[in-house]
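Undergrad: Start counting the sequence shown at 9; every next residue gets the next number (this note's numbering).
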Amino acid sequence: MERETLIGLNESFAGAVCPEDVFGRLCGSASEQRTMLRAVFAKLSRSCHPDLVADAEKPVAEATFSRLTDWKQQADLKLAAGTYGDRRP
9 MERETLIGLN
19 ESFAGAVCPE
29 DVFGRLCGSA
39 SEQRTMLRAV
49 FAKLSRSCHP
59 DLVADAEKPV
69 AEATFSRLTD
79 WKQQADLKLA
89 AGTYGDRRP
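Given below as structure tokens:
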């Protein structure tokens, strides 16, 4: 993973105001939405997981992956509450 890509992802996650900014629209039933969220999270994780980058990029990857994980937790909470898609934090 190139440093510029990691930095771009980190900035994107930092600039997000709600989980929908990170994971996009999730359609379907609650079960389908959870499946879609897991798929999007997995795809993004492959782009920034600290175990998948060079040692020199690990600090940026760790920060980026931490932000992604925080957004995933918020998305899970919104899905459980039935408010995902509401675009409020």
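Even for Gly, the Cβ is constructed at its ideal location relative to N, Cα and C.
On a predicted model such as this, the values are computed, not experimentally measured, just so you know.
According to the Cβ coordinates, are A88 and L14 closer than 7 Å?
TA: On the sequence shown, residue 88 is found 80 positions in, with the first residue counted as 1. On the sequence shown, residue 14 is found 6 positions in, with the first residue counted as 1. Contact flag unset, no.
Undergrad: Counting only the same chain and skipping the five closest in sequence on each side, list residues whose C-beta sits under 8 Å from that of R54.
TA: In the sequence shown, residue 54 corresponds to position 46, counting from 1. L60.
Undergrad: Closest to K86 by C-alpha separation, out of G23, F31, F21, would be which residue?
TA: The residue given as residue 86 occupies position 78 in the sequence shown. For K86, the nearest C-alpha among the options comes from F31.
Undergrad: In three-state DSSP terms, what is L34?
TA: By one-based count along the sequence shown, residue 34 stands at place 26. Here L34 sits in coil by DSSP.
Undergrad: Roughly how many angstroms lie between the CA atoms of A38 and D78, to the nearest whole one?
TA: To locate residue 38, count along the sequence shown from 1; it is residue 30. To locate residue 78, count along the sequence shown from 1; it is residue 70. When rounded, the distance between both Cα atoms is 20 Å.
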